[in-house]
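Q: Under my numbering, read the sequence shown as residues 649 to 1244, first letter to last.
C-beta: ideal position from N, C-alpha, C; glycine also.
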Amino acid sequence: MAQGSPKDENFHKEYLQHMSEDSNKHIQLDPPLKNKKIKAPQKSKEDRAKGHIDYKLYLQYLSYMGGIIPTVVILALFTLSQTVQSLNSWFLAFWSKQTNSGAINSTTEQSLFIGIYIALGIGCAVCIFLSEVLMSVFGLKAAKKLHDTAFSKLMAAPIVFFDTTPVGRIMNRFSSDIEIIDNSLITSFKSLLGCLFSVLGTLLVISIIVPWFMIPIIPGIIIYWRTQIYYQKTGCEIKRLISTSKSPLLSHFMETIKGCSVIRSQRKQNIYTKENERLVDQLNLAIFTQIVAQRWIALRLKFFWATMTGLCLSYALSVTNNAEWLVRYSTDLENDMNAIERILHYCQELPHEESNNEISITDWPSNGTIMLKNVSLKYSTDSEFVLNNINVEIHQGEKIGIIGRTGSGKSSLLSILTRSAGYVQGVVQIDDVDIENISVKMLRSKIAVIPQESSMFSGSLRFNIDPLNQFEDEKIWHALEKVNMKDRVLQMDNELQFPVSENGENFSMGERQLLCICRALLKNSKIVIMDEATSHIDEETDFTVQESLKKEFSDKTVLNIAHRLNTITDSDRIMLIENGSLIAFDIPENVFQILK
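(1) Going straight from the alpha carbon of Pro1312 to that of Phe761, what length do you get?
(2) Just the C-alpha distance for Lys1047 and Thr1029, rounded to the nearest angstrom, thanks.
(3) How far does the beta strand (DSSP E) with Ala1096 in it reach, from first residue to last?
(4) Which two residues bound the contiguous alpha helix (DSSP H) that contains Val1137?
(5) For Arg1221, does the three-state DSSP call read helix, strand or coil?
(6) Taking just the CA atoms, how far does Gln930 sit from Asp702?
(7) Using beta-carbon positions only, say whether Lys1130 and Glu1200 come within less than 9 Å of one another.
(8) Using a threshold of 9 Å, state whether the C-beta atoms of Tyr765 and Phe739 are closer than that.
(9) Just verifying my parser: in three-state terms, what is the DSSP assignment at Thr1066?
(10) Return yes when the Cβ of Asp1114 is within less than 9 Å of the Cβ of Leu1170, no when it is not.
(11) Grouping DSSP H, G and I as helix and E and B as strand, with all else coil, what is Ser1102?
(12) Quick one: Cα of Val589 to Cα of Asn1037, how far?
(13) Whole angstroms is fine: what's the gap from Gly771's alpha carbon to Val781's?
(14) Find the nearest neighbour of Val1193 within the set Ser1102, Ser913, Leu1163, judged by alpha-carbon distance.
(15) DSSP on Ile1235, reduced to helix/strand/coil?
(16) Assuming Leu898 and Ala934 are in contact, meaning their beta carbons sit under 8 Å apart, how far apart are those beta carbons, in whole angstroms?
(17) Measure the CB-CB distance between His1043 and Lys801 and report whether it falls below 9 Å.
(18) In angstroms, rounded to a whole number, what distance separates the CA positions of Gly1057 and Phe1191?
(19) What does Phe1033 pair with, by DSSP beta-bridge criteria?
(20) Using the rule of at least 16 other Cβ atoms within 10 Å of the residue's Cβ for burial, across every protein chain shown, is Met1254 buried or exposed?
(21) Between which two residues does the alpha helix (DSSP H) containing Ile1124 stretch?
(22) With the cut-off set at 9 Å, would you say Ile1078 and Ile1018 are in Cβ contact?
(23) Near Lys1026, what residues of its chain come up, given a Cβ to Cβ distance below 7 Å and the 5 sequence neighbours on each side ignored?
(24) Can you grab the Cα-Cα spacing for the pair Ala1259 / Val1176, in whole Å?
(25) Classify Asn1208 as helix, strand or coil using the three-state DSSP reduction.
(26) For Asn1238, I'd like the list of residues in its chain whose CB is within less than 6 Å of its CB, leaving aside the five on either flank, ordered along the chain.
(27) Three-state secondary structure (DSSP) at Leu998?
(28) Are the beta-carbon atoms of Lys1198 and Asp1218 separated by less than 9 Å?
(29) Please name the residue in Ala791, His795, Asn736 whose C-alpha comes closest to that of Leu768.
(30) Helix, strand or coil, according to DSSP, for Lys1021 in the structure here?
(31) Tell me whether Leu961 sits in a helix, a strand or coil according to DSSP, three-state version.
(32) Would you list the one or two residues that DSSP bridges to Ile1042?
(33) Check each candidate in Phe809, Ser734, Asn1112 and name the one with the smallest Cα separation from Leu851.
(34) Could you tell me the distance, in whole angstroms, from the CA atom of Lys745 to the CA atom of Glu757?
(35) Could you check the C-alpha separation between Leu947 and Gly842 for me, to the nearest Å?
Here's what the structure looks like:
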């Protein structure tokens, strides 16, 4: 453990007596607040639209497919395929008539008619093939664009959005809804257009040959339309209910897997099993209701045409069959458009972190001065303030220790500097520039953060140390040496190309912290935020790393949340926060006098 001066040691002893009765060396400076209920950000309810799908959603989907030109080309191909198909049927009838009347006698004439019939069949097949292929290509293009847009918006969403939105809800949008857009929606569109043009083509031919047949067809179309409207009021809501029922089930499933060891240790398996069964039953109830509703409309459509068939000619059977499927495909399409509705919500209505007044500054920050003027923070518009009227000025290169009880607002204060907090009032400046006028990407790239719980991702070790591939191997090895990780990496297979498992599970907690410190050293930022960066490291390594950090960060502005005493012994000033208010911000001796 790092050794401090006698003055520091006396300060530590008195501080510990004030903060806690326990005075062993592992004591933390932030025991939980008593008689204070710490409110975490509340999970928001999932938005669920009501009523019919707005026709504007169809237009937006077509625009994602490519706009007017692809739409016109696809409709033209469907029209052409139905025209050729109807012409083929007419030509077959004409050919039969000519043959029966004896107008065709020679083999040459028969071969000509056969050739024409085959050509029409091939032309019809080509048109159908092209329409199917283009529909799939443009549909997948729209799906990819929708996914990428929604994902980019999600990545730009403020941290408070992730605090108030369950992971299962996000997973549901990017799994179930995207799967519908990739597969089911395209199929529904193709089936609907195929049935629509088939019905229109058949009705056109029949109206030319037997015009009076349109008399019973018109009321039939009206009845079909009314039946669809009646069914769709329920069908669309059921589809939305299924979508929203999946989110809590996914959230519960993921939370259970993540906390499985804790659940077993507390013997709470029965509670979580019953909750899972309840959520599954809730989803199955919505799915069963959808199946019943689909059988309801199918039965009524078949019953209606069974009564009408006796009044129609036999060649109208194709109309009845296609009309039935036309209604069913149109309802399926509207149900599937619910996925477009939900994804477009992420594309268009998700809150965004970026400011409208962003300015571009080169070589910023050059000093690392920080100023907070009347800064207050709350997680949501209807919640209480977790920070109240904070006013501080931190000079270039200062080392600031931040202390306070759990829930006092220490981490919230630091999250303001990276614009990771919720709703902030007041002004936060770095080098006299309001951070609201700096892009989030630039701001966060200029601040090095060393958290207590370090994260690693699947990939190579080098990727985790230098994800943007900005540094040469020599600099990376030099940084690894400073954090006592060089020898450990040299022992690994492939060294810097050593594969890291998911969440860095093939590294210890302490090793992950050291690699995170290594990233911060390479980043060479003017401002460094540390949240007990060496809490999971043994004392010998801790001492070596602390000495290295003092040397490397000597000219940096460092903000350090203190959980152990040896991490704040060399602080220029200490910031004491209680209940969201700044109690003191002075040299250690003066802060201690206030605590007395």
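A: Let's see:
(1) Outside the modelled stretch of the chain, which goes from 649 to 1244, sits residue 1312, for which no answer is possible.
(2) 33 Å
(3) Following the DSSP letters along the chain, one finds Ala1096 inside the beta strand (DSSP E) bounded by residues 1095-1098.
(4) 1134-1138
(5) For Arg1221, the secondary structure class from DSSP, reduced to helix, strand or coil, is strand.
(6) 27 Å
(7) yes
(8) yes
(9) Collapsing the DSSP output to three states places Thr1066 in coil.
(10) yes
(11) Per DSSP, reduced to three states, the secondary structure at Ser1102 is coil, with no helix or strand assignment.
(12) Look at the range of the chain in this structure, 649 to 1244, and you will see that residue 589 is not part of it.
(13) 15 Å
(14) Leu1163
(15) coil
(16) Separation of the CB atoms of Leu898 and Ala934 is rounded to 15 Å, and the pair is thereby denied contact status at 8 Å.
(17) No, these two residues do not count as a Cβ contact at 9 Å.
(18) The straight-line gap separating the alpha-carbon atoms of Gly1057 and Phe1191 is approximately 28 Å.
(19) Lys1026
(20) No answer is possible for residue 1254: the residues shown for the chain start at 649 and end at 1244.
(21) Ile1124 -> alpha helix (DSSP H) spans 1121-1130.
(22) yes
(23) Glu1032, Phe1033, Val1034, Gly1070, Tyr1071
(24) One cannot answer for residue 1259 here, as it falls past the ends of the chain, which runs 649 to 1244.
(25) strand
(26) none
(27) coil
(28) The Cβ-Cβ distance between Lys1198 and Asp1218 falls below 9 Å.
(29) Asn736
(30) strand
(31) With a pLDDT of 44 at Leu961, under the threshold of 50, the modelled position of that residue is not reliable, and the figure given next carries that caveat. DSSP places Leu961 in coil when its eight states are reduced to three.
(32) Ile1018
(33) For Leu851, the closest alpha carbon among the candidates Phe809, Ser734, Asn1112 is that of Ser734.
(34) Straight-line Cα distance between these residues: approximately 14 Å.
(35) 22 Å
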